[in-house]
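Numbering (our numbering), first residue to last: 25 to 206.
Where a beta carbon is used, it is the ideal one built from N, C-alpha and C, also for glycine.
Since this is a predicted model, take the numbers as computed values, not measurements.
Beneath this line is the structure, given in structure tokens, with notes to follow.
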Ligand SMILES: C[S@@+](CC[C@H](N)C(=O)[O-])C[C@H]1O[C@@H](n2cnc3c(N)ncnc32)[C@H](O)[C@@H]1O
């Protein structure tokens, strides 16, 4: 085997490992680590600018922060806010660490174990089932006045305070839902 062959086989095995790990976590967590689209992220940040209390959000949580793009966009828009992302899928989590900045932290943790009452803002892009699971948890544990801004999925049982359309090239894409805890 030549050196080139060894490099080729090593790279192929590494790629296969990454793909299999992503498949494993997608199966275990029942959601693929697909990132929110840049135009949707932009609308989510605009929604936060519109609905955040005077002085801006203090502690933002992104459950299932994936590759980190949404949390980074929020941190850029609100550099004084503490932004935390929880992600279990290994490679998206490792990638997210490449973009940390002051007041932005990513944790390889299960968000179902989060201490929700620490956050005044939730940004999320999750599945219908996860949103359904989280609606009761957030109703009980988020502090009064907390904002929930969800890409594409509504929060069952909550009354939205805003719904923002998104589109790319004139084609409508799923909206952003905004809620405020009573
Ligand atoms: C659709 S992706 C969203 C990625 C990111 N929020 C974004 O907007 O770009 C959902 C993510 O949730 C993660 N996830 C699902 N259940 C989780 C759990 N219990 N704890 C931590 N992460 C979880 C998945 O691994 C996946 O990366």
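Near ligand 1: residue i beta-carbon under 7 Å from a heavy atom
i: residue 55; result: yes
i: residue 91; result: yes
i: residue 124; result: no
i: residue 116; result: yes
i: residue 136; result: yes
i: residue 108; result: no
i: residue 112; result: yes
Delimiting residues of the beta strand (DSSP E) encompassing residue i
i: residue 161; result: That residue, residue 161, is in no beta strand (DSSP E); its alpha helix (DSSP H) goes 152-165.
i: residue 130; result: 128-131
i: residue 83; result: 83-87
Cβ pair residue i, residue j closer than 8 Å
i: residue 198; j: residue 190; result: yes
i: residue 93; j: residue 116; result: no
i: residue 200; j: residue 68; result: yes
i: residue 105; j: residue 82; result: yes
i: residue 186; j: residue 202; result: yes
i: residue 134; j: residue 118; result: no
i: residue 130; j: residue 124; result: yes
Residue i, DSSP secondary structure in three states
i: residue 66; result: helix
i: residue 29; result: helix
i: residue 171; result: strand
i: residue 42; result: helix
Extent of the continuous alpha helix (DSSP H) run through residue i
i: residue 114; result: 114-120
i: residue 138; result: Taken as a continuous stretch (DSSP letters only), residue 138 belongs to no alpha helix (DSSP H), as it is neither H nor E.
i: residue 179; result: Careful: residue 179 lies outside any alpha helix (DSSP H) and carries neither H nor E.
### Message
Check whether the segment 30-43 and the segment 135-155 touch, using three or more Cβ-Cβ pairs below 8 Å as the test.
### Response
no
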